[in-house]
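As numbered in my numbering, residues -19 to 323 make up the sequence shown, in order. Report on the following structure.
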Amino acid sequence: MKTAVTAGYWGAGPPPGAADLFDAAERLGIDQVWTAEAYGSDAWTPLAWWGSQTSRVRLGTAVSQLSARPPATLAMTAMTMDHLTQGRVLLGIGTSNPQVVEGWYGQPYPRPLERTREYVDILRKVIARAEPVCHDGSHYQLPLAGGTGLGKPLRSILRPYRTEIPIYLGAEGPRNVALAAEIADGWLPMFFSPTMNGFYATALAEGFGRRGARGSGETFDVVGGPLGIVPDDDLERAADRLRPALALYIGGMGARGLNFHYEVFARMGYEAEAARIQNLYLAGDKKSAIAAVPLAMVEDVALIGPWAKIAEEIQRWKETVLTTFLVSCDLRLLEKVAALVAQ
């Protein structure tokens, strides 16, 4: 099993220790480093800045938001970075949610799966550079329909370092996971739990089985892992380190009735708990929302407690559809956890 780490997205400023994380990943033989974006910092600038100090580890975006860039722009960015890194780019993309897409980017959010399919098709055409790019879809047209009439199909003047750059989809719902298996090279799950492995294996199998599917379970990379790895003899104290993040995503990252993270936990069997967390969070009582996150929920998506418990439970994670274990822990524990994953 491969290993990965993530620098995440920024809050008020650059995350402390990010440069050290890239350095440790390069030094310890970690396979992948990922960055992210929300509605502040972007994913690509930190990846280039800190990634420039590496020479081996693969560099990916988890995820680069579709609505932030036209597909040709994202293809240009990925191709440029692929040259600079000599073929180490992993292109992770995702649709985000209507609050960000409409509120931040001022873009429409209809039929996200259909839009993703078109977007990926254009990415692959631009990167392959086999011919001038044409696309006549419901969401994207190249050349633009109804413009001046002067647009014409173009082919990148940059010759790609690789004619194929691995594309990963960030996905949570079963239809989106199946789409990832059908059209992408990898899947970036969020809030993965070994208890849901059968559910995700079924969704992936559906995508692999579709006519024209790009790959199979043997070639597909699933990059995921625990929300956090927190060694502590006091389980509740360890859970308290992760409860704020769970409350934020379940309660505040999305609207009532349209929150993809909420739906993940509802499918796990925590619908009543998720509803209480969301109600408290949206009412402005974040402290109570955090306190409402049950210990069992944290243990489903994280590894917490005494080290012996973590070492035993990590085996369950290694027996799932995951092919790359995303390690989220204190940087001082990274080498120890990576060794445990490798056993």
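No residue lacks a Cβ here, since even glycine has one placed at the ideal position from N, Cα and C.
Range covered by the beta strand (DSSP E) that runs through residue i
i	result
residue 211	209 to 211
residue 39	38 to 41
residue 148	147 to 150
residue 73	69 to 74
Residue range of the alpha helix (DSSP H) that includes residue i
i	result
residue 275	275 to 281
residue 321	314 to 322
residue 258	251 to 262
residue 101	92 to 108
residue 240	240 to 245
residue 269	266 to 271
Own chain, CB closer than 6 Å to residue i, minus 5 neighbours either side, in chain order
i	result
residue 68	38 and 39
residue 108	143
residue 278	219 and 222
residue 250	277
residue 81	47, 87 and 89
residue 138	59
Which of helix, strand or coil DSSP assigns to residue i
i	result
residue 167	strand
residue 202	strand
residue -15	strand
residue 193	coil
residue 303	coil
residue 235	strand
residue 222	coil
residue 138	coil
residue 128	coil
residue 177	helix
residue 144	coil
residue 77	coil
residue -7	coil
residue 186	helix
residue 172	coil
residue 83	helix
Counterpart residues of residue i in DSSP-defined beta bridges
i	result
residue 228	Bridge partners of residue 228: none, in fact.
residue 309	209
residue 116	121
residue 285	211
Sequence-distant residues of its chain with Cβ nearer than 8 Å to residue i (five each side left out)
i	result
residue 253	245, 272, 273, 274 and 277
residue -13	-5, -2, 1, 2, 13, 14, 15, 16, 26 and 30
Same chain only: Cβ atoms within 7 Å of residue i, ignoring 5 sequence neighbours per side
i	result
residue 65	31 and 39
residue 291	320
residue 43	16, 72, 73, 74, 150 and 168
residue 163	97, 100 and 194
residue 132	123
Checklist line | Completely contained alpha helix (DSSP H) runs for the segment 5 to 64, where each covers 4 or more residues | finding: Look at the segment 5 to 64 and you find these whole runs of alpha helix (DSSP H), each 4 residues long or longer: 24 to 31.
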